[in-house]
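Asker:
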Amino acid sequence: MFDTLQDRLAATFKSLRGKGRLTDADIDATAREIRIALLEADVNLSVVKEFVNAVKVRARNAELSQALNPSQQIVKIVNEELVEILGGETRTVRFAKQPPTVIMLAGLQGAGKTTLAGKLATWLKREGHSPLLVAADLQRPNAVNQLQVVGQRAGVHVYAPEPGNGAGDPVQVARDSIEEARRKLYDVVVVDTAGRLGIDAEMMQQAADIRAAVQPDEVLFVVDAMIGQDAVNTANAFQEGVGFDGVVLTKLDGDARGGAALSIRKVTGKPIMFASSGEKLEDFDVFHPDRMASRILG
Ligand code: GDP
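For any residue, its number in my numbering is found by taking its place in the sequence shown, counting from 1, and adding 41.
(1) Under a three-way DSSP split, which group does ILE240 fall into?
(2) Counting only beta-carbon atoms, is ALA72 nearer than 8 Å to chain D?
(3) Tell me whether GLY151 sits in a helix, a strand or coil according to DSSP, three-state version.
(4) If you check the beta carbons only, do ASP258 and ARG62 fall under 8 Å apart?
(5) CB VAL232 to CB ILE251, shorter than 8 Å?
(6) Have a look at GLN280, ALA272, ALA278, GLY284 and flag the residue whose alpha-carbon is nearest the alpha-carbon of ALA302.
(7) In whole angstroms, give me the CA-to-CA distance for ARG58 and ILE268.
(8) Along the chain, where does the beta strand (DSSP E) that runs through ILE313 open and close?
(9) Hey, how far is the Cα of ALA215 from the Cα of ALA162?
(10) Could you tell me which of ASP296, VAL143, ILE126, GLY310 sits nearest to VAL93, measuring between CA atoms?
(11) Do the CB positions of GLY287 and ARG101 come within less than 8 Å of each other?
(12) Below 8 Å between beta carbons: does that hold for GLN342 and ASN85?
(13) Quickly, what does DSSP pair PRO172 with across the bridge? List them, please.
(14) Thinking C-beta only, is ALA95 closer than 8 Å to GLU130?
(15) What's the call for VAL260, buried or exposed, on a 16-neighbour Cβ count within 10 Å?
(16) Would you list the residues sitting across from GLU259 in a DSSP beta bridge?
(17) Assuming LYS89 is part of the beta strand (DSSP E), what are its boundary residues?
(18) Quick check on LEU79: buried or exposed, where buried means 16 or more other Cβ atoms within 10 Å of its Cβ?
(19) Along the beta strand (DSSP E) that carries THR291, what are the first and last residues, could you check?
(20) Under 7 Å from any heavy atom of the ligand GDP, does the C-beta of ASP294 make it?
(21) For the pair the stretch 311-323 and the stretch 284-298, tell me if three or more CB-CB distances fall below 8 Å.
(22) Whole angstroms are fine: how far does the CA of LEU179 sit from the CA of PRO312?
(23) Could you work out which residue in GLN114, ASN110, MET333, ALA108 is closest to ARG99 when comparing CA atoms only?
(24) By Cβ distance below 8 Å, which residues in the same chain neighbour GLY151 in space, the five residues on each side in sequence not counted?
(25) Could you check the C-alpha separation between SER304 and LEU46 for me, to the nearest Å?
(26) Quick check: does the Cβ of GLU320 come within less than 7 Å of any heavy atom belonging to the ligand GDP?
(27) Taking all protein chains shown into account, decide if LEU165 is buried (16 or more other Cβ within 10 angstroms of its Cβ) or exposed.
(28) What residue range does the alpha helix (DSSP H) around PHE279 cover?
(29) DSSP has PHE325 in a bridge; who is on the other side?
(30) Going by DSSP, name the residue or residues bridged to ALA177.
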């Protein structure tokens, strides 16, 4: 992950080593290298511009430091700016004062929502919660079954429509699941919704209807990091059509460039809450901007 970006930044910093002080020309050259590295990583252009500008201004204004040489100083600035664009603080689920907390998953088909539902449930259990998974994706014939398999693996109950009993109405299923959670004392409800392969008005409307019906405490936009810049476009469409509170990046294990991770927070203004990096239940964690920045800087 972030292979090229990591290498390019390392080379840039290396070229500054041994310099006693940085001239404006050094700073400009460094800024140019960072710009190229970020663009090659498929980071959104406006994010790149803002980032490079911030680094430049801070490098120019940096006090001569006793403790850090110029190269270290630049690394420090880049690190801090990376943490900034990745969201600064770690932010996870805000639980409702009055249970159940309702979390709705939205995103394109194949983004990894169903897989994520199992991972999130596992994480919730570890945090001491009692989650209920809800199969409100009734678009794909196999989706309910898939969630049931995931639920079984995670050891979590799955609420699914009974055949013939409101089976075709995901809004009703989602609504009923909240009642079920209240009755059976589940304190978190995770609603899996339908996606399509591309952005689609009907799907968007359905997700918006589910949102309106169950008033989730958190809507999580689930997006495949491997689609790079397209993640940002898709996010904008979901922001407009459904609205969301946080982002979950999936398939980080297959994302060599990192453009989605580095762009999505700035472009949407919403925090990345979780990251998924594999098909197994344990390939999942809370997203920590500082740890991700450290990983990028190697
Ligand atoms: P949904 O259509 O949004 O519910 O997506 P699925 O959960 O069915 O996932 C689509 C495919 O991506 C499946 O083959 C998953 O095994 C795979 N997948 C999901 N998350 C990850 C991940 O973090 N890494 C990798 N490599 N594959 C993933």
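Don't be surprised by glycine CBs; every beta carbon is placed ideally from N, CA and C.
Answerer: Let's see:
(1) coil
(2) The structure shown has no chain D; it contains just one protein chain.
(3) coil
(4) no
(5) Contact flag set, yes.
(6) ALA272
(7) 35 Å
(8) Unbroken beta strand (DSSP E) run through ILE313: 313-317.
(9) Rounded to the nearest whole angstrom, the C-alpha separation of ALA215 and ALA162 is 17 Å.
(10) ILE126
(11) no
(12) An answer regarding residue 342 cannot be provided, because it is not within the stretch 42 to 339 covered by the chain.
(13) VAL229
(14) Their beta carbons are not under 8 Å apart, which means GLU130 does not touch ALA95 by this criterion.
(15) By the 10 Å Cβ count, VAL260 comes out buried.
(16) ILE144
(17) Checking the sequence, you will find Val at residue 89 rather than Lys. Looking at the DSSP string, VAL89 is not in any beta strand (DSSP E); the run it does join, the alpha helix (DSSP H), is 86-102.
(18) buried
(19) 287-291
(20) Remark: the C-beta of ASP294 is in contact range of the ligand GDP, defined as less than 7 Å to any heavy atom.
(21) Touching, yes.
(22) 28 Å
(23) GLN114
(24) GLY236, LEU238, ASP265
(25) The C-alpha of SER304 lies about 14 Å from the C-alpha of LEU46.
(26) yes
(27) buried
(28) 270-282
(29) SER317
(30) THR234
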